[in-house]
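If you read the sequences in order, they're chains A and B. When you line the first sequence up against our numbering, it's residues 107 to 382, in that order. When you line the second sequence up against our numbering, it's residues 107 to 382, in that order. We put the CB at the ideal spot given by N, CA and C, even for glycine. Quick caveat, the model's predicted, so the values are computed rather than measured. Here is the structure we will look at.
Number of protein chains: 2
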Amino acid sequence: MKERPEEGLIGIFDSGFGGLNILRGIIKELPEYGYVYLGDTARVPYGSRSKEVVYEFTRQAVSFLFKKNCEIIIIACNTASSDALRKLQREYLPENHPSKKILGVLIPASEEAVRKTKNKKIGVIATEGTVLSESFPRELLKLCPEAMIYQKACPLLVPIVESGEHNSKIADLAIGKYLKELRKKKIDTLILGCTHYGILENKIRKIVGKNVKVISENKAVPKKLRTYFERHKEIENRLGKNEIRRFYSTDLTEKFQILGKKFFGKSIKVERVELV
Amino acid sequence: MKERPEEGLIGIFDSGFGGLNILRGIIKELPEYGYVYLGDTARVPYGSRSKEVVYEFTRQAVSFLFKKNCEIIIIACNTASSDALRKLQREYLPENHPSKKILGVLIPASEEAVRKTKNKKIGVIATEGTVLSESFPRELLKLCPEAMIYQKACPLLVPIVESGEHNSKIADLAIGKYLKELRKKKIDTLILGCTHYGILENKIRKIVGKNVKVISENKAVPKKLRTYFERHKEIENRLGKNEIRRFYSTDLTEKFQILGKKFFGKSIKVERVELV
């Protein structure tokens, strides 16, 4: 039997900082592995860009992470998962790249939502790009063809989080406005379809009320990854149990350091890289 | 005497769409020349990025516009004017590039503010990048050393405009919050130090009241450009009187077309380009 390699890593890619939240959840669930995080902070946010541009940026990110010894990459950005994942998975087919695997965040969240809903009315809030891609309705209807899916693009929520206004009245007003339509549809389950929205989770829960179950990817993705590794030993075997934590970003601003400290309890060292 | 060339153009660069507003003002003032507009819509907004990244993106844009026969470039983006203009002006010195000129938008706005203020208390609202660069205080104090300058970064205003919420309560709340401190300082003049803020001008005027003069670059820049050409005939002589209008962007989304139609009264043809 082949020995477990020292440096087989798990890559986490996000357009910005939001994916740190998912990384934290994954590390809590699976601390023994090594992780490389890449945030494309020089070009964040992806949510309003065209499908072509999101694909091109994501392709560059995936290529970078594979070069950094990643055996498996999780695209933590919903817009990138929606606009680029399927094309990239076709380009990295197992027959050509047997040791390279790319996963998104939409399926774990969709599975969880379908498991939780009772009246089969599921709401999704996300960026414009994710909503336009129709990726959530596609995944949800595959799992539950009789479901009714209601989507709402919330273009201001990412800037609200990024500018530190997540506890302000502005956040209340924006969330209230965006959720108004979905509440009228009597949804009983709401997917937070953008990594940034995790930071607004408590506010959103308050506004939708107790009768609506809120699905957060920060919780859904780590659990699914554990079961994925149990089912795919051939991939798990290629991962080093080295507890490596590496952080890359395409722009260096203070925010990364501040969030890193907040999420991981200690300073993180971030290296700037250029994606081409 | 050398003949006027057919294709000497004026370049307008902005991180996104906001500069279309300035271009419209310039064309109204100087319709006879030819214009090339470039919006870096694949990487907008610049306001929260590091100085290094803003410089690099702006350098790529300037190089592109010079290759497109521009004799003079106006950097309509305040963040780029703040973080990159002086360095680029040094790189394109007249002795090496006699026919290439780069101008920003901060000086016209600053001159107008100094002309208008009576109590010498001037407020500036802008992106984080522009505020951190201290470019407005530097220019204003050069023109009026005894002035008191009060700056306020307004990171949510660009996303509010970009997401079409400029007429909403969210806009009122955000503007009110950002302007609160400046109003307490008893400013009598306020510079809108970001091209996007032109769209919020009426709201801002209402909130600051009649006693505060609001300086908008959309008006200050075109006037200054006319006098600049009067003083610099050697540059004006290199411009074709061809009425060319060309539009480039790094991402193609519907917004450009919609804004173009709104600003120019007819559809504009936009070509996608990659900056490197």
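Its chain contains Val-230 and Val-237 as the residues whose beta carbon lies nearer than 6 Å to that of Gln-257 (chain B), once the 5 sequence neighbours on both sides are disregarded; these appear in chain order. Separation of the CB atoms of Ser-188 (chain A) and Gly-235 (chain A) is rounded to 6 Å, and the pair is thereby assigned contact status at 8 Å.
Cβ contact annotation for Leu-246 (chain B) (same chain, cutoff 7 Å, sequence separation greater than five): Ser-216, Ala-219, Val-220, Ile-228, Ala-253 and Ile-255, in chain order. Comparing C-alpha distances from Arg-311 (chain B) to each of B:Leu-296, B:Phe-123 and B:His-302 shows the shortest one belongs to B:Leu-296. When the Cα atoms are used, Thr-233 (chain A) and Pro-261 (chain A) turn out to be separated by approximately 6 Å.
Around the CB of Val-376 (chain A), 16 or more other CB atoms lie within 10 Å, so the residue is classed as buried.
The region 161-180 of chain A and the region 115-123 of chain A touch, with no fewer than 3 CB-CB distances between them shorter than 8 Å. In the structure shown, Ser-169 (chain A) adopts helical secondary structure according to DSSP, grouped into three states. Secondary structure note for Phe-353 (chain B): its beta strand (DSSP E) is the uninterrupted segment 351-355. A straight-line Cα-Cα distance of about 38 Å links Glu-135 (chain A) and Val-160 (chain B). The beta carbon of Lys-193 (chain A) sits closer than 7 Å to the beta carbons of Tyr-161 from its chain, once the five residues preceding and following it are set aside; these are given in chain order.
Taking 9 Å as the cut-off, the Cβ atoms of Arg-110 (chain A) and Leu-331 (chain A) do not count as close. When Cβ pairs closer than 8 Å are counted between the two stretches, the region 283-293 of chain B is seen to touch the region 309-323 of chain B, the count reaching three or more.
Exposure of Thr-333 (chain A) is indicated by the presence of fewer than 16 other C-beta atoms within 10 angstroms of its C-beta. At a Cβ-Cβ threshold of 9 Å, Gly-140 (chain A) and Asn-324 (chain A) do not count as neighbours. Check the Cα spacing between Lys-283 (chain A) and each of A:Arg-352, A:Lys-292, A:Ser-169 and A:Leu-263: the tightest is with A:Leu-263. Cα atoms of Lys-224 (chain B) and Val-327 (chain B): separation of roughly 22 Å, rounded to the nearest angstrom. Neighbours of Leu-144 (chain A) in chain B, taken as residues at a C-beta separation under 9 Å, are lacking, since the least C-beta distance is about 16 Å. Tyr-141 (chain B) has B:Ile-116 and B:Arg-351 as its beta-bridge partners, per DSSP. Selection A:Gly-371, A:Gln-363, A:Leu-358 and A:Lys-367 evaluated against Arg-378 (chain A) yields A:Leu-358 as nearest (Cα-Cα). Closest by C-alpha distance to Phe-163 (chain B), out of B:Arg-149, B:Lys-367 and B:Phe-172, is B:Arg-149. The beta carbon of Arg-155 (chain A) sits closer than 9 Å to some beta carbon of chain B. Taking 9 Å as the cut-off, the Cβ atoms of Phe-362 (chain B) and Thr-185 (chain B) do not count as close. Considering only A:Lys-206, A:Lys-226, A:Pro-251 and A:Ala-259, the residue with the shortest C-alpha distance to Ile-341 (chain A) is A:Lys-206. Within the region 352-369 of chain B, contact with chain A at the beta-carbon level (separation under 7 Å) is assigned to Asp-357, Leu-358 and Thr-359. No Cβ-Cβ contact shorter than 9 Å links Thr-356 (chain A) with Ile-128 (chain A). At the C-beta level, Phe-353 (chain A) and Gly-366 (chain A) come within 9 Å of one another. Within 8 Å of the CB of Ile-276 (chain B), the CB atoms of chain A belong to Leu-262, Ile-276, Leu-279, Ala-280 and Lys-283, in sequence order along the chain. With 16 or more other Cβ atoms from the protein chains shown falling within 10 Å of its own Cβ, Ser-239 (chain A) counts as buried. Per DSSP, reduced to three states, the secondary structure at Ser-239 (chain A) is helical. If you look at Lys-227 (chain A), you'll find it in the beta strand (DSSP E) that goes 227-232. Of all alpha-carbon atoms in A:Tyr-198, A:Arg-351 and A:Gly-124, the one lying nearest the alpha-carbon of Gly-270 (chain A) is that of A:Gly-124.
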